[in-house]
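Okay, structure first, notes after.
Residue numbers (the working numbering): 118 to 177.
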């Protein structure tokens, strides 16, 4: 678990060009994008901690 947290913090502070990220995302299919969000463990802010990737998958 600790390694996962460190990897995420490194990504936050890594210098990445927004254009590069957008170009990469635009080449991905919607299922792959949803899977990336699921893998990130990003949670909603509604209080229940529901996975954002699941919300996106339901909506797609």
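Glycine residues also receive a C-beta, built at the ideal position from the N, C-alpha and C atoms.
How is the alpha helix (DSSP H) around residue i delimited, first residue to last?
i, result
"residue 154", "147-157"
"residue 176", "169-176"
So is residue i buried or exposed if we call it buried at 16+ other beta carbons inside 10 Å?
i, result
"residue 166", "exposed"
"residue 164", "exposed"
"residue 161", "exposed"
Sorted by chain position, which residues of the same chain lie with C-beta nearer than 8 Å to residue i's C-beta, five sequence neighbours on each side aside?
i, result
"residue 150", "142 and 173"
"residue 156", "170"
"residue 139", "none"
"residue 177", "147, 148 and 151"
By the three-class DSSP mapping on this structure, what secondary structure does residue i have?
i, result
"residue 141", "helix"
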